[in-house]
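See below for the structure under consideration.
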Amino acid sequence: AQSVSQHNHHVILSEAASLELGCNYSYGGTVNLFWYVQYPGQHLQLLLKYFSGDPLVKGIKGFEAEFIKSKFSFNLRKPSVQWSDTAEYFCAVNPNNAGNMLTFGGGTRLMVKP
Amino acid sequence: DGGITQSPKYLFRKEGQNVTLSCEQNLNHDAMYWYRQDPGQGLRLIYYSQIVNDFQKGDIAEGYSVSREKKESFPLTVTSAQKNPTAFYLCASSTPQGIYGYTFGSGTRLTVV
Numbered sequence: 216a217q218s219v220s221q222h223n224h225h226v227i228l229s230e231a232a233s234l235e236l237g238c239n240y241s242y243g244g245t246v247n248l249f250w251y252v253q254y255p256g257q258h259l260q261l262l263l264k265y266f267s268g269d270p271l272v273k274g275i276k277g278f279e280a281e282f283i284k285s286k287f288s289f290n291l292r293k294p295s296v297q298w299s300d301t302a303e304y305f306c307a308v309n310p311n312n313a314g315n316m317l318t319f320g321g322g323t324r325l326m327v328k329p
Numbered sequence: 003d004g005g006i007t008q009s010p011k012y013l014f015r016k017e018g019q020n021v022t023l024s025c026e027q028n029l030n031h032d033a034m035y036w037y038r039q040d041p042g043q044g045l046r047l048i049y050y051s052q053i054v055n056d057f058q059k060g061d062i063a064e065g066y067s068v069s070r071e072k073k074e075s076f077p078l079t080v081t082s083a084q085k086n087p088t089a090f091y092l093c094a095s096s097t098p099q100g101i102y103g104y105t106f107g108s109g110t111r112l113t114v115v
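So the sequences go chain by chain: A and B.
Note that this note's numbering has the first sequence beginning at 216, numbered continuously upward.
Note that this note's numbering has the second sequence beginning at 3, numbered continuously upward.
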């Protein structure tokens, strides 16, 4: 079955450490890709998205993600995390032949120690 | 401000009772969705609606029902047939174009007591 995989379920980092969260998908065609963030007690917010052009996309709060088509990956990165980045992060994929339907990964809980 | 309003934020239900969760949007979005979020399981799609008066089952529709009588509203009823209803429920909406992603509400936490 087509799916979205986030292999790291829990990540613990110290402040100023670099972050990379993995996201892989199994759709073979053209896709639109998203990262959402859910801060404690808040709703999901869009962090960044890719649908065409430069495969390196920059989002809010210093986050970026790189689309590597050959690896079916869309990993999220941040050079130096802050305590306020503690949240759950969700990768989502919209295949171009699926209209507006998103499929979400299982999420990664990030805890940043001050 | 445009957005999605879910109410109530917290809801307690006795076993055997049906309960309805509200979701209202003023974004003029055609599509609306209901997700269930459980720890370690990500977001699972319950129902979705692409247009008024039409809706489709998602991956875990059993024990749930919805209606879409108005573009702005997509209420979810958790019925007594849902075996494990305690969860966090998220409503979302979107345009027909997939490139814009979804806008989410702040969620309703349902606890069965």
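Backbone N, C-alpha and C fix where the C-beta goes; we use that ideal spot for every residue, glycine too.
Cβ-Cβ distance between residue 33 of chain B and residue 48 of chain B below 8 Å: In the second sequence, counting from the first residue as 1, residue 33 of chain B sits at position 31. In the second sequence, counting from the first residue as 1, residue 48 of chain B sits at position 46. Not in contact: residue 33 of chain B and residue 48 of chain B (Cβ atoms no closer than 8 Å).
Short-range partners of chain A found in the region 29 to 55 of chain B, where Cβ spacing is below 7 Å: 33, 42, 43, 44 and 45
Under the three-state DSSP convention, the category residue 285 of chain A falls into: The residue given as residue 285 of chain A occupies position 70 in the first sequence. Residue 285 of chain A falls in the helix class under three-state DSSP.
Segment contact flag, the region 299 to 318 of chain A with the region 58 to 74 of chain B, C-beta cutoff 8 Å, min 3 pairs: no
Three-state class that DSSP yields for residue 44 of chain B in the structure shown: Against the second sequence, residue 44 of chain B aligns to sequence position 42. Strand at residue 44 of chain B.
Alpha-carbon to alpha-carbon, residue 258 of chain A and residue 324 of chain A: Translated into the one-based positions of the first sequence, residue 324 of chain A becomes position 109. Translated into the one-based positions of the first sequence, residue 258 of chain A becomes position 43. Those two C-alpha atoms are separated by around 15 Å.
Best match in A:239, A:231, A:226 and A:269 for proximity to residue 309 of chain A [C-alpha to C-alpha]: Here residue 309 of chain A refers to the residue found at position 94 when the first sequence is read from its first residue. Considering only alpha carbons, the answer is A:239.
Residue 315 of chain A to residue 230 of chain A span [Cα, whole Å]: Walking along the first sequence from the start, residue 315 of chain A turns up at place 100. Walking along the first sequence from the start, residue 230 of chain A turns up at place 15. Straight-line Cα distance between these residues: approximately 37 Å.
The region 4 to 19 of chain B contacting the region 92 to 112 of chain B, beta-carbon criterion three pairs below 8 Å: yes
Distance CB(residue 320 of chain A)-CB(residue 5 of chain B) smaller than 8 Å: As a working note, residue 320 of chain A is residue 105 in the first sequence. As a working note, residue 5 of chain B is residue 3 in the second sequence. The answer is no: Cβ separation not under 8 Å.
Contact under 8 Å by Cβ, residue 23 of chain B with residue 8 of chain B: Residue mapping note: residue 23 of chain B aligns to position 21 of the second sequence, counting from 1. Residue mapping note: residue 8 of chain B aligns to position 6 of the second sequence, counting from 1. Contact: yes.
Whole runs of the beta strand (DSSP E) within the region 234 to 294 of chain A, excluding any shorter than 3 residues: 234 to 236, 246 to 253, 260 to 265, 271 to 273, 279 to 283 and 288 to 293
Residue closest to residue 53 of chain B, alpha-carbon to alpha-carbon, out of B:102, B:95, B:103 and B:19: The residue given as residue 53 of chain B occupies position 51 in the second sequence. Comparing Cα-Cα distances from residue 53 of chain B to each of B:102, B:95, B:103 and B:19, the minimum goes to B:95.
Distance, residue 317 of chain A Cα to residue 293 of chain A Cα: Position 78 of the first sequence, counting from 1, holds the residue named residue 293 of chain A. Position 102 of the first sequence, counting from 1, holds the residue named residue 317 of chain A. Rounded to the nearest angstrom, the two C-alpha atoms are 24 Å apart.
Segment limits, beta strand (DSSP E) that includes residue 224 of chain A: Here residue 224 of chain A is taken as the residue at index 9 of the first sequence, counted from 1. No beta strand (DSSP E) holds residue 224 of chain A; DSSP gives it neither H nor E.
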